[in-house]
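Written out below as structure tokens is the structure these notes cover.
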Amino acid sequence: MSVPPIAQPLLTANAGATASIPQCDRALILDGVAHSMAEAGAVRPVLAPLSQRFSPGKFHVVGGPSGAGKTTLLSILSLSVRPTQGLVRWGSKDLTNLAPVDQSRWRRQHLGLIFQTSRLVSVMTVAEHIKLAAAIRGQTAAVAEGLALLTALGLAERLGQLPAQLSGGEKQRVALAQALCARPAILLADEPTAALDRSNAARVAETLHRFAHERGAIVICVSHDAVVMDAADDLLILEKA
Ligand SMILES: Nc1ncnc2c1ncn2[C@@H]1O[C@H](COP(=O)(O)OP(=O)(O)OP(=O)(O)O)[C@@H](O)[C@H]1O
Ligand SMILES: [Mg+2]
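With positions in the sequence shown counted from 1, the corresponding number in our numbering is that position plus 225.
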């Protein structure tokens with residue numbers, strides 16, 4: 226895959242100290258997971274039964290037609306939706322049956338999310354989004370890393386701007402930098418290049434790929450984009466249930 230060069234290393238703060246140590250040594254596992262929804266008195270399957278292993282240090286891409294259950298799958302992996310069948314495990318730990326308070330703690334400590342639509346806070350500037358993400362995880366050193374990521378993603382001039390002053394694609398890249406600088410062990414991204422031109426989509430694909438490899442993180446990205454699929458270490462195509 227040919228992508229525009231990124232000026233500086235993805236990970237600046239503490240990179241030397243952590244580059245060879247995987248942050249996450251456990252795979253995220255779907256164990257016979259399926260999901261159905263009740264609709265007008267009938268049960269409608271929305272995710273066909275699936276057993277799958279998502280490994281640390283790998284860039285996983287999930288494709289498939291609209292309505293195949295890709296967003297539903299990410300909701301199940303983020304413990305926002307409880308599957309009607311099967312379990313989500315992290316190594317040997319059953320996440321599906323954790324108490325809600327423990328699920329929230331797990332999410333806060335280990336998970337980064339990039340949604341299909343922008344969820345930036347309207348009154349916070351781009352730089353403030355980065356500072357907040359780093360502070361929530363107690364990773365104040367990660368602010369420099371987040372700002373470096375914004376530069377690598379072509380947003381160095383936008384630090385003082387509010388979301389309303391950004392295009393859809395710029396907002397998606399802010400959300401990406403915000404999620405990565407909190408250094409999650411697991412990153413879930415739902416069509417993060419949907420609003421981007423090919424060159425910026427390639428930068429995002431490269432950034433996600435490098436984050437998985439350099440941090441030992443599990444990165445799972447839903448995408449229809451050929452440039453993202455080309456960068457995948459592992460490709461899972463869902464069929465309609
Ligand atoms: N809250 C809900 N209530 C009822 N049905 C839902 C709900 N959320 C999703 N669905 C249905 O579940 C199926 C899978 O939806 P999902 O959003 O996971 O698909 P997707 O693969 O992400 O599609 P797209 O590529 O269009 O984003 C669809 O048929 C959808 O209509
Ligand atoms: Mg979707």
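Beta carbons: idealized from backbone N, C-alpha and C, even for Gly.
Among the options, the one whose alpha carbon lies nearest that of residue i
i, options, result
"residue 336", "261, 465, 302", "302"
"residue 418", "394, 261, 464", "394"
"residue 281", "385, 387, 437", "437"
"residue 261", "304, 322, 274", "274"
"residue 398", "411, 412, 353, 428", "428"
"residue 363", "333, 326, 377, 457", "333"
"residue 455", "431, 441, 439, 353", "431"
"residue 453", "464, 277, 433", "433"
"residue 329", "306, 253, 424", "306"
"residue 343", "384, 365, 400", "400"
"residue 309", "396, 365, 255", "255"
Own chain residues within Cβ distance below 7 angstroms of residue i, not counting five before or after
i, result
"residue 271", "260, 261, 262, 294, 297, 466"
"residue 450", "418, 426"
"residue 269", "261, 262"
Cβ-Cβ distance between residue i and residue j below 7 angstroms
i, j, result
"residue 447", "residue 415", "yes"
"residue 355", "residue 379", "no"
"residue 292", "residue 462", "no"
"residue 258", "residue 460", "no"
"residue 340", "residue 445", "no"
"residue 402", "residue 374", "yes"
"residue 386", "residue 351", "yes"
Cβ-based neighbour list, residue i, same chain, cut-off 6 angstroms, excluding 5 preceding and 5 following
i, result
"residue 321", "312, 313"
"residue 347", "388"
"residue 196", "Lying outside 226 to 466, the shown extent of the chain, residue 196 is not represented and no answer is given."
Residues near residue i in its chain [Cβ-Cβ closer than 8 angstroms; skip 5 each side]
i, result
"residue 323", "304, 331"
| field | Residues whose Cβ lies closer than 7 angstroms to any heavy atom of ligand 2, in chain order | value | 295, 296, 341, 415, 416, 447
| How do the region 392-411 and the region 343-360 stand: do at least 3 beta-carbon pairs fall below 8 angstroms, yes or no? | Verdict: yes, contact present.
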